[in-house]
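Residue numbers (numbering that gives the first Met the number 0): 0 to 361.
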Amino acid sequence: MKLIKKAISIIILSVLSLSILAGCGGSKTTNETASNATATSSNKKIKIGVSEYPGWMPWYIAQGEDFFKKNGVDVELVWFPVYSDSIQAFNSGNLDMLAVALSDTIAPYLKGTDFKIVLSNDNSAGADALVAKPEYSNIKDLKGKTVATEFGTIEHFFLLKALEKEGMKESDINLVNMSVDDAGAALISGSVDAAALWEPATGLAKARGNKVLYSSEETPGLIPNLLIAKGDMIKNNPDQVEAVVNSYFDSLNFYSKNPDKSLAYMAKQCGISSEEMAGSMSGSKLFSINDNIEAMTQKAENMKYIPYAALETSKFLKNVNMIDRVPTMEELEGMIDPSFIKKISEKRQSEPAPETKAQSNK
0 MKLIKKAISI IILSVLSLSI LAGCGGSKTT NETASNATAT SSNKKIKIGV
50 SEYPGWMPWY IAQGEDFFKK NGVDVELVWF PVYSDSIQAF NSGNLDMLAV
100 ALSDTIAPYL KGTDFKIVLS NDNSAGADAL VAKPEYSNIK DLKGKTVATE
150 FGTIEHFFLL KALEKEGMKE SDINLVNMSV DDAGAALISG SVDAAALWEP
200 ATGLAKARGN KVLYSSEETP GLIPNLLIAK GDMIKNNPDQ VEAVVNSYFD
250 SLNFYSKNPD KSLAYMAKQC GISSEEMAGS MSGSKLFSIN DNIEAMTQKA
300 ENMKYIPYAA LETSKFLKNV NMIDRVPTME ELEGMIDPSF IKKISEKRQS
350 EPAPETKAQS NK
């Protein structure tokens with residue numbers, strides 16, 4: 000069983016390789032692997048890059064229930080076992096849309112990459128965690144110890160935030176670079192002392208006796224997970240963008256009414272049981288239409304407002320030299336196109352998002 004997830008890597012990846020930015024260990028099917036991401040301008044199929052993270056798994060409900068087809072759009076979900084590979088695929092033009100963490104969008108946007116945020120899938124509420132061997136009781140115990148995560152990923156960013164909370168720096172630990180997939184396996188095998196992980200890796204590590212020292216439940220709003228679309232797709236095919244976003248809300252509505260079948264769709268993609276999938280989903284607060292309206296348009300100085308969350312994230316990233324400057328609020332608001340959410344809200348009611356914590360306790 001593989002353990003994987005998303006990544007803040009455009010933040011570091013963009014710093015390390017701006018040339019790129021210019022431009023669940025799950026089951027694999029012939030149309031779900033990264034190797035098939037060969038979009039061409041003449042191909043009307045919409046390719047969406049997806050990695051294993053709970054808030055993105057409802058896309059597989061949409062696929063299983065043919066919601067894309069019902070909404071009049073031809074979609075291929077392209078599965079990336081390594082999240083940073085999906086970012087490179089998006090920036091090299093091989094994907095039309097991408098499931099991505101907010102923190103991964105800031106640096107490329109400042110460098111002129113043409114995309115917009117069109118949907119907020121969820122906020123991490125425990126799905127991301129710093130997990131350690133049971134003998135460690137707090138973050139300070141990790142000083143001088145070996146901690147694994149993927150450099151340039153959202154978990155790298157999250158780890159730095161956890162260390163900062165205790166007045167520590169990256170130099171205070173022995174940081175080992177490996178994919179989140181491998182980091183989870185390394186912690187379970189005992190070859191590292193701790194790892195920054197996301198679900199389902201977090202839950203699998205906990206199930207084997209390891210301990211959560213810090214989780215995204217302590218940092219509400221820090222890790223919004225999004226769907227971004229290429230600028231040319233928004234300009235030339237806005238109806239397709241709306242259809243894709245609408246399909247996501249069809250999935251959430253189906254999930255609320257049919258949790259068992261929905262968990263089965265998602266668990267199959269991740270290669271885990273439905274029970275494990277329910278536990279993984281419990282760390283994500285899924286966003287309804289109304290949640291999206293609030294997150295994209297409320298213009299408030301709190302972490303619920305995506306541009307404000309991006310501004311606070313940018314300040315931290317600048318402090319740790321992951322970006323060159325802190326963008327303005329106007330720049331960050333320019334990353335968002337709320338028009339699709341607004342159109343959808345006018346056409347359908349905002350059904351409540353599934354209560355994932357309640358389902359995990361069944």
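Glycine included, every Cβ here is placed at the ideal spot set by N, Cα and C. All values reported here derive from a predicted model rather than from experimental measurement.
In the three-state DSSP reduction, K298 falls in the coil class, being neither helix nor strand. Runs of the alpha helix (DSSP H) lying entirely within the region 89 to 135, each at least 4 residues long, are 105 to 109 in chain order. Cβ-Cβ distances below 6 Å link S119 to P223, L225, F286, N291 and A294 in the same chain, with the five nearest sequence neighbours on each side left out; the list follows chain order. With distances taken between CA atoms, S123 lies nearest to S279 out of T327, S279 and M328. Contact annotation: S102 and F79 have beta-carbon atoms that are not nearer than 9 Å. Measuring C-alpha to C-alpha distances from K284 to each of P353, V240 and A308 identifies P353 as the nearest. According to DSSP, S283 shares a beta bridge with S123. The beta carbons of T148 and A184 sit no closer together than 9 Å. Distances from the CA of N318 to each of E163, S261 and Q268 were compared; the closest alpha carbon is that of E163. Setting aside the 5 residues that flank it on each side, E345 has no residue in the same chain whose C-beta is closer than 8 Å to its C-beta. Every unbroken stretch of the beta strand (DSSP E) spanning 3 or more residues and falling wholly within the region 136 to 177 is given here in chain order: 145 to 148 and 173 to 176. Of the candidates I322, F89, L159 and N209, L159 places its Cα closest to the Cα of S215.
The beta carbons of Q268 and M56 sit closer together than 9 Å. Taking C-beta atoms under 8 Å as the contact rule, I138 and A161 qualify, at a distance of about 6 Å. Put simply, the region 196 to 203 touches the region 124 to 131. At least three CB pairs are less than 8 Å apart. DSSP links G48 through a beta bridge to V77 and L97. DSSP places V240 in the helix class (H, G or I) of the three-state scheme. A distance below 8 Å between beta-carbons, with the five flanking residues on each side excluded, links K303 to the following residues of its chain, in chain order: G220, E293, A294 and Q297.
The region 229 to 248 makes contact with the region 69 to 89, as at least three CB pairs between them are under 8 Å. In the displayed model, V179 falls within a helix according to three-state DSSP.
Judged by their CB atoms, L212 and S136 are nearer to each other than the 9 Å cut-off. N257 places its beta carbon 9 Å or farther from that of R347.
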